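Visitor: Sharing a structure, written as structure tokens. Questions coming.
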Amino acid sequence: MSNTVHLTINHMPLEVPAGTRIIEAAQMLNIDIPHLCYHPDQTIKAHCRMCMVEVTGQRKLLAACSTVVWEGMEVFTDTKKVYDAQVGVLDLILADHKQNCLSCARNGNCELQKLCRRFNRLNPELPNISPNEPLRIDNPSIVRDPSKCVKCGRCVKVCAEVQGCAALTAANRSGDFKITTAFDLPMDQTDCVLCGQCSLVCPVGAIVEGDIKAQAQQSLNNLKAILNAAGTNMGAVVKTTVFLADMNDFAAMNEVYAQFFQEPFPARSAVQVARLPKDAKVEIEAIAQL
505 MSNTVHLTIN HMPLEVPAGT RIIEAAQMLN IDIPHLCYHP DQTIKAHCRM
555 CMVEVTGQRK LLAACSTVVW EGMEVFTDTK KVYDAQVGVL DLILADHKQN
605 CLSCARNGNC ELQKLCRRFN RLNPELPNIS PNEPLRIDNP SIVRDPSKCV
655 KCGRCVKVCA EVQGCAALTA ANRSGDFKIT TAFDLPMDQT DCVLCGQCSL
705 VCPVGAIVEG DIKAQAQQSL NNLKAILNAA GTNMGAVVKT TVFLADMNDF
755 AAMNEVYAQF FQEPFPARSA VQVARLPKDA KVEIEAIAQL
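Dropping the structure here:
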């Protein structure tokens with residue numbers, strides 16, 4: 505039995521190892537088949553159906569991410585039939601997706617946005633039926649927005665297969681299908697270890713890392729009020745506690761303090777921030793020499 509398979513993709517001949525899937529074979533020819541659920545580091549899901557292609561002799565379009573090539577296969581990725589099917593699937597996904605792109609954390613770095621630009625779907629034709637669900641902020645590091653979930657299953661796979669936690673899972677069927685936690689529990693009541701892998705593989709803004717800038721600004725506002733109340737004839741030592749999600753936030757925090765004291769460091773103030781591990785609870789001590 506041969507270990508290689510010969511096929512053509514868009515009339516271009518190709519020889520690939522046996523067991524190769526269509527989407528992988530196309531990448532060898534620099535042909536980008538659109539997809540959302542496919543991820544090269546995960547097992548096959550075949551949920552989104554954006555990767556449909558036409559194969560000679562097959563009555564239906566096949567999913568390129570899950571179909572293994574065979575000898576003599578003729579694949580077409582750029583026919584009108586394929587294009588119309590992909591546009592139809594994209595419209596269905598958009599109809600169940602909250603479209604507040606300008607305020608989304610993934611704006612400009614969203615795979616769904618890229619597909620919309622690729623297929624020129626700037627004004628979806630179908631009415632939007634996305635659920636009006638609130639943000640799920642039930643742990644210190646991860647924010648979930650169910651109204652933006654495209655049900656690709658990437659987060660479920662990475663949580664179960666890479667991290668071994670299985671904190672996320674699929675629930676229900678048909679129109680009620682959704683990605684959630686077991687028994688719909690809050691994330692802080694699951695086996696989630698706050699690794700952030702789910703937010704890394706999510707193609708849209710359904711799972712993102714928490715942003716603590718607003719919380720930090722509120723802490724600074726409270727600090728300013730306390731210092732103002734302390735008067736001008738005495739020194740004030742104030743401690744405020746915040747959660748820093750990223751070590752890079754230290755630079756931003758120092759910049760905000762510099763704006764607060766109206767002078768560069770360390771002229772009238774000294775800010776000491778303990779450089780603790782990522783996601784650690786950091787106590788910031790600001791000493792104002794008034």
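Under this note's numbering, the first residue of the sequence shown is numbered 505, with each subsequent residue one higher. For glycine and all other residues, C-beta sits at the position ideal for the given N, C-alpha and C. These figures come from a predicted structure and were not determined experimentally.
Between the alpha carbons of Y542 and N725, how many angstroms are there, rounded?
Guide: Distance between the alpha carbons of Y542 and N725: 45 Å.
Visitor: I want to check one thing, is the minimum distance from the CB of H539 to the heavy atoms of the ligand GTP below 7 Å?
Guide: Ligands displayed in this structure: none; no statement on the ligand GTP is therefore possible.
Visitor: For V708, count neighbouring C-beta atoms within 10 Å of its own C-beta (all shown protein chains included) and say buried if the count is 16 or more, exposed if not.
Guide: When all chains shown are included, V708 counts as buried.
Visitor: Report buried or exposed for H515, applying the criterion of at least 16 other Cβ atoms within 10 angstroms of its Cβ.
Guide: Exposed, since its Cβ has fewer than 16 Cβ neighbours within 10 Å.
Visitor: Report yes if the CB atom of I683 is closer than 8 Å to the CB atom of K655, and no otherwise.
Guide: In this structure, K655 lies closer than 8 Å to I683 by Cβ.
Visitor: Go to M556, then tell me how far its alpha helix (DSSP H) extends in each direction, as first and last residue.
Guide: Careful: M556 lies outside any alpha helix (DSSP H), inside the beta strand (DSSP E) at 556-559.
Visitor: By Cβ distance below 8 Å, which residues in the same chain neighbour M691 in space, the five residues on each side in sequence not counted?
Guide: Cβ neighbours of M691 beyond the five flanking positions: R640, D642, N643, I646, R648, A671, T685.
Visitor: Tell me which residues share the same chain as F580 and place their Cβ nearer than 7 Å to its Cβ, disregarding the 5 neighbours each side in the sequence.
Guide: Same-chain partners within the cutoff: N514, V557, E558, V586.
Visitor: Of all the beta strand (DSSP E) runs that stay within the bounds of the segment 528-580, which reach a length of 3 or more residues?
Guide: Segments of the beta strand (DSSP E) lying fully in the segment 528-580: 556-559, 577-580.
Visitor: Does the structure place the segment 540-555 close enough to the segment 566-573 that three or more beta carbon pairs sit under 8 Å?
Guide: Cβ pair count under 8 Å is three or more, so yes.
Visitor: Measure the alpha-carbon distance for L606 versus G612 and round it to whole angstroms.
Guide: If you take the alpha carbons of L606 and G612, they lie about 9 Å apart.
Visitor: Under a three-way DSSP split, which group does K655 fall into?
Guide: Coil, per DSSP.
Visitor: Evaluate A703 with the Cβ neighbour count: other Cβ atoms within 10 Å of its Cβ, from every protein chain shown; 16 or more gives buried, anything less gives exposed.
Guide: A small fix is needed here, since residue 703 is Ser in this sequence, not Ala. Burial call: buried.
Visitor: Do you know how far the Cα of F687 is from the Cα of Q693?
Guide: Computed Cα separation, rounded: 11 Å.
Visitor: Can you tell me whether L748 is buried or exposed, with buried defined as 16 or more other CB within 10 angstroms of its CB?
Guide: Only weak support exists for where L748 lies, its pLDDT of 39 falling under 50; the coordinates are left without a value.
Visitor: For T560, does the count of other Cβ atoms within 10 angstroms reach 16, so buried, or fall short, so exposed?
Guide: Flag for T560 reads exposed.
Visitor: Taking the continuous beta strand (DSSP E) assigned at A599, which residues delimit it?
Guide: Where A599 is concerned, there is no enclosing beta strand (DSSP E), although the alpha helix (DSSP H) it sits in stretches over 584-599.
Visitor: Starting from M705, trace the alpha helix (DSSP H) both ways and give me its first and last residue.
Guide: Residue identity check: residue 705 is Val in the sequence provided, not Met. 701-705 is the extent of the alpha helix (DSSP H) around V705.
Visitor: Where does E665 sit, in a helix, a strand or coil, going by DSSP?
Guide: It is helical.
Visitor: In this structure, does DSSP put D642 in helix, strand or coil?
Guide: Note: D642 maps to coil in three-state DSSP.
Visitor: Cα separation between Q667 and E713?
Guide: About 17 Å.
Visitor: What's the gap between the Cα of D588 and the Cα of D680?
Guide: Roughly 26 Å between the two C-alpha positions.
Visitor: Suppose the cutoff is 7 Å on Cβ atoms and the five residues either side in sequence are ignored; what does the same chain contact list for Q603 look like?
Guide: Same-chain partners within the cutoff: N632.
Visitor: Check for me: the alpha helix (DSSP H) holding E615 runs from which residue to which?
Guide: Taken as a continuous stretch (DSSP letters only), the alpha helix (DSSP H) holding E615 covers 615-622.
Visitor: Between V660, N627, A675, R610, which lies nearest to Q701 when the distance is taken from Cα to Cα?
Guide: Ranking the options by Cα distance to Q701, first place goes to V660.
Visitor: Express the C-alpha separation of L630 and Q546 in angstroms, rounding to a whole number.
Guide: So the two alpha carbons sit approximately 31 Å from each other.
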